[in-house]
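Report on the following structure.
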Amino acid sequence: MSFHDEQRGSVQPAGLDGSPGGELEQLRARVAELEAQLRSVHLDRMHLLAALAADPGLNPRLKTDPTGLPGTKTVLYLTDPDAGPGEGQISFPSADSDLTLVEHVPWATEGDPHAAWDGTGRNFVLARLRNLAQHRADAARAMGD
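Residue 1221 is where the sequence shown starts when you use the numbering used here, and the numbers rise one by one after that.
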């Protein structure tokens, strides 16, 4: 290592020294604020999913996903009974800290067909959730006729 390399390693960019009010401190505060907002959105979503999971007709199940991200290794599965075969599964990874919201949901047993991930990604899951809402709205209207 040369003298200049050592000097470059000891120089901090202006405003990024972590001092109060410095740019780095402002960035850290902004990241913390955004993380809190994201956490709030995830918690709101989980409350809604917990309400849906209270419906036994949706065959709610919880299952551990060993490949999941740390802190989100539990998946909540719901199945739209009005969807065609292989088209009704709705699955959402759930934060460990949110599992108290779904403690009413049974854990899947080995081989449970209602908790076998079908490989669909987020866009398919959201489309299926919209379809579930539509099926429920159609059924409610039909009962009112």
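Ideal Cβ placement from N, Cα and C applies to all residues, glycine included.
DSSP beta-bridge partners for residue i?
{"i": "threonine 1284", "result": "Thr1294"}
{"i": "serine 1311", "result": "Tyr1297"}
{"i": "tryptophan 1327", "result": "Leu1282"}
Select from the options the residue whose C-alpha is nearest the C-alpha of residue i.
{"i": "alanine 1353", "options": "Pro1313, Ala1303, Val1325 and Glu1255", "result": "Ala1303"}
{"i": "threonine 1329", "options": "Tyr1297, Gly1341, Leu1263 and His1262", "result": "Tyr1297"}
{"i": "alanine 1270", "options": "Leu1319, Thr1340 and Arg1350", "result": "Leu1319"}
{"i": "proline 1326", "options": "Thr1284, Gly1341 and Gly1288", "result": "Thr1284"}
{"i": "glycine 1341", "options": "Glu1307, His1324, Glu1253 and Gln1257", "result": "Glu1307"}
Tell me whether the beta-carbon of residue i lies closer than 7 Å to the beta-carbon of residue j.
{"i": "glutamine 1309", "j": "aspartate 1332", "result": "no"}
{"i": "serine 1311", "j": "threonine 1294", "result": "no"}
{"i": "valine 1345", "j": "alanine 1273", "result": "no"}
{"i": "histidine 1334", "j": "arginine 1259", "result": "no"}
{"i": "glycine 1277", "j": "proline 1305", "result": "no"}
{"i": "threonine 1292", "j": "asparagine 1279", "result": "no"}
State the Cα-Cα distance for the pair residue i and residue j, rounded to the nearest angstrom.
{"i": "arginine 1348", "j": "proline 1290", "result": "26 Å"}
{"i": "arginine 1250", "j": "arginine 1265", "result": "23 Å"}
{"i": "serine 1317", "j": "glutamate 1255", "result": "15 Å"}
{"i": "leucine 1268", "j": "leucine 1247", "result": "32 Å"}
{"i": "alanine 1336", "j": "aspartate 1358", "result": "28 Å"}
{"i": "arginine 1350", "j": "glutamate 1243", "result": "43 Å"}
{"i": "threonine 1287", "j": "valine 1261", "result": "23 Å"}
{"i": "asparagine 1343", "j": "methionine 1363", "result": "30 Å"}
{"i": "glutamine 1257", "j": "leucine 1263", "result": "10 Å"}
{"i": "alanine 1360", "j": "aspartate 1275", "result": "15 Å"}
Pick out the complete alpha helix (DSSP H) segments inside the region 1235-1277, 4 residues or longer, and give them in chain order.
1243-1272
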